[in-house]
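In what follows, a structure is listed as structure tokens, so that the remarks can point back to it.
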Amino acid sequence: MTLCSRQFLLLLVFVSTSTFADELADRIAAVPNPRTTGGWVSDPSQVLATRTDAINHLISDHEKETTDEIAVVVLPSIGQLVPKEFATALFNSWKIGKAKKNNGVLVLHILDQRRIEIETGYGQEGALPDVKCKWILDEVVVPYFKKGSFADGHYEGVRAILRALKDPDIKHDDLIAGTETTPGDSIQELPKIPERDEITIKNMAPVQKSIYDGTATKLLSAGGGGLFVLGYLLYWLFGLGKDPYKKYKLFETLGFPFHYGAALAFGGASTAFEYGKTETFWSGIPVLLVASGLIAWLRGRKLKALRDEPRVCECGKTMRRLSEEEDDSYLQRGNVVEEKIRSMDYDVWVCECGKHRIEAYSGDSPADKCEKCGFKTYQVASTTTIRAATTTSEGLREIVYLCANCKHTETVRETIPKVSPPSSSSGSSSSSSGGSWGGGSSGGGGAGSSY
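For any residue, its number in the numbering used here is found by taking its place in the sequence shown, counting from 1, and adding 427.
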């Protein structure tokens, strides 16, 4: 795979990852933080309205006794994001639990995915290991949800979590027993989930909106198709009658828009099709990446075939390509050095009539052209830090460039930017009161259940 192919794939990964990260950040920012009002329950759709006060009292009383922090979040939708990943990100964004104890717990319920997750901080994994979280969800909470008792299900789930936190050695039967209510006694109607999660989309950046309304995928497909057609026509037009080496150079130049235009057209079309059927687009991104990788491989095969195609001499006879050892006698010393450091590669073809031709190809270890000898043999020989950068002052480094051919040397001094100061978090081991969480972090533990 050529350097530009790898760069293109990395760009695609970066764009898809950035888009995913932007959506995740936007959706987390849109979740109401209950600590701003002194509560623990974030339920914008008011599904738990009949039990919100009771749940808040349970958690507040427990937090005063132990400093444990428990968040209960009920959201209509998080789009196509994964609930477990969202729970971890939300936990760490809010910093649930006290900083030194990491004693936070998050209960996340996604209504349209019919999914509930328990996420635990490092300090709670002893009292709330994954298996106990699973017991609580499957044997306490989910039976209520299946009967439509969502408020009671969350209330009983929190009570079970508190039993586990107060008694780390609690057994299975004691953990799931002791409910105060019966599934089905109190039923809540779930809110209608907008097909396109209109509130979140309204807050999206223009680029993200263009993805969700289909504009970006259509432009991607049309633009890619245009590049493919343009590259094909140019290669066909300018490649007529050319020998393999000239075709190689032409294809090397046009192959990028030609092949990756096809990948973009295919990926864009598949993404647009998926979005039209399901209003999601994430699976189109790996399709695009796979297509790009496959076409990069095919492009490499085509280039190799052109390079290996026998050359025909002016006399009409077929030429022979020399081996790497044989062709050195036809090359200048600088060319041999270029091959040695892999900045360039050369093929030498000879004919029985005595004529020969030399063809130059880019190597996979880039070097600059030396201003003294003119060969691509100018590289960084060493880098030395003279003065390290700090948060208050810039640093200084010395870079030595050396030509591997003529030994021309140049020393350059370069400024090192200041070091960004680390962000600080003000965690507290005291009781949290209206405004913020304690500075904890997720341990990645917990469990999830669907219903």
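Using N, Cα and C, we set each Cβ at its ideal position, and we do this for glycine too.
As the structure is a prediction and not an experimental result, all values here were calculated from the model.
Suppose the cutoff is 7 Å on Cβ atoms and the five residues either side in sequence are ignored; what does the same chain contact list for residue i look like?
i: arginine 541; result: Ser877, Tyr878
i: glycine 871; result: Thr515
i: serine 869; result: Thr515, Phe518, Asn519, Glu546, Gly548
i: phenylalanine 572; result: Gly580, Tyr878
i: serine 863; result: Arg462
i: tyrosine 675; result: Leu730, Leu733, Arg734
i: threonine 479; result: Val468, Asp470
i: lysine 511; result: Glu544, Gly875
i: valine 807; result: Ile826, Tyr828
i: tyrosine 757; result: Val775, His783, Ile785
i: serine 789; result: Met771
i: threonine 812; result: Gly822, Arg824
Answer with buried or exposed for residue i, where buried requires no fewer than 16 other C-beta atoms within 10 angstroms of its C-beta.
i: alanine 831; result: buried
i: histidine 581; result: buried
i: glycine 668; result: exposed
i: cysteine 780; result: exposed
i: glycine 875; result: buried
i: tryptophan 663; result: exposed
i: serine 648; result: buried
i: histidine 484; result: exposed
i: lysine 731; result: exposed
i: proline 793; result: exposed
i: leucine 725; result: exposed
i: glycine 465; result: exposed
i: isoleucine 681; result: Position check: residue 681 holds leucine in this sequence, whereas isoleucine was assumed. Looking at its Cβ environment, which holds 16 or more other Cβ atoms inside 10 Å, leucine 681 is buried.
i: alanine 476; result: exposed
i: valine 717; result: exposed
i: arginine 590; result: buried
i: glycine 611; result: exposed
i: leucine 451; result: buried
i: serine 770; result: buried
i: isoleucine 614; result: exposed
i: valine 474; result: buried
i: leucine 660; result: exposed
Per the DSSP calculation, residue i is bridged to which residue(s)?
i: valine 474; result: Answer is none; valine 474 lacks a bridge partner.
i: isoleucine 722; result: DSSP output for isoleucine 722 lists no bridge partner at all.
i: glutamate 825; result: Thr811, Arg840
i: serine 469; result: Val500
i: tryptophan 785; result: The residue you asked about is not tryptophan; residue 785 is isoleucine in the sequence shown. Isoleucine 785 pairs with Val775.
i: glutamine 806; result: Leu829
i: threonine 547; result: Val532, Gly872
i: valine 739; result: Thr745
i: glycine 866; result: Lys525
In the DSSP assignment, find the unbroken beta strand (DSSP E) run with residue i in it and report its ends.
i: arginine 875; result: One detail in the question is off: residue 875 reads as glycine in this sequence, not arginine. Element bounds for glycine 875: 869-877.
i: arginine 541; result: No beta strand (DSSP E) contains arginine 541, which DSSP labels as neither H nor E.
i: valine 775; result: 771-777
i: glutamate 496; result: 496-502
Go through its chain and collect everything with a Cβ distance to residue i's Cβ below 6 Å, but skip five positions before and after it.
i: glycine 873; result: Ile545, Glu546, Thr547, Cys560
i: proline 737; result: Thr745
i: glycine 822; result: Arg814, Ala815, Ala816, Ile843
i: lysine 796; result: Lys803
i: threonine 606; result: Glu583
i: alanine 809; result: For the sequence presented, residue 809 should be read as serine rather than alanine. Closer than 6 Å at the Cβ level, and outside the excluded window around serine 809, lie Val827.
i: cysteine 742; result: Cys780
i: arginine 784; result: Trp776
i: glycine 550; result: Lys528, Asn529, Asn530
i: proline 671; result: Leu733, Glu736
i: glycine 652; result: Ala692
i: glycine 524; result: Glu496, Asn530, Gly531, Gly548, Gly865, Gly867
Tell me where the alpha helix (DSSP H) around residue i begins and ends.
i: serine 792; result: Per DSSP, serine 792 belongs to no alpha helix (DSSP H) and is neither H nor E.
i: proline 570; result: 569-573
i: histidine 835; result: Taken as a continuous stretch (DSSP letters only), histidine 835 belongs to no alpha helix (DSSP H), as it is neither H nor E.
i: cysteine 560; result: 557-563
i: tryptophan 905; result: Residue 905 cannot be examined here, being either before or after the span of the chain that is shown, 428 to 878.
i: threonine 493; result: 479-493
i: lysine 767; result: 760-768
i: glutamate 752; result: 751-754
Ignore the nearest five residues each way along the sequence and tell me which others in residue i's own chain have a CB closer than 8 Å to its CB.
i: arginine 454; result: Ile505, Gly506, Leu508, Phe513, Thr627
i: proline 684; result: Leu654, Phe655, Leu657, Gly658
i: valine 846; result: Ala816, Thr817, Thr818
i: glutamate 753; result: Val775
i: valine 739; result: Asp670, Thr745, Met746
### Message
Quick check on the DSSP output: what are the complete beta strand (DSSP E) runs of length 3 or more inside the region 592-618, in order along the chain?
### Response
Listed in chain order, there is nothing to give.
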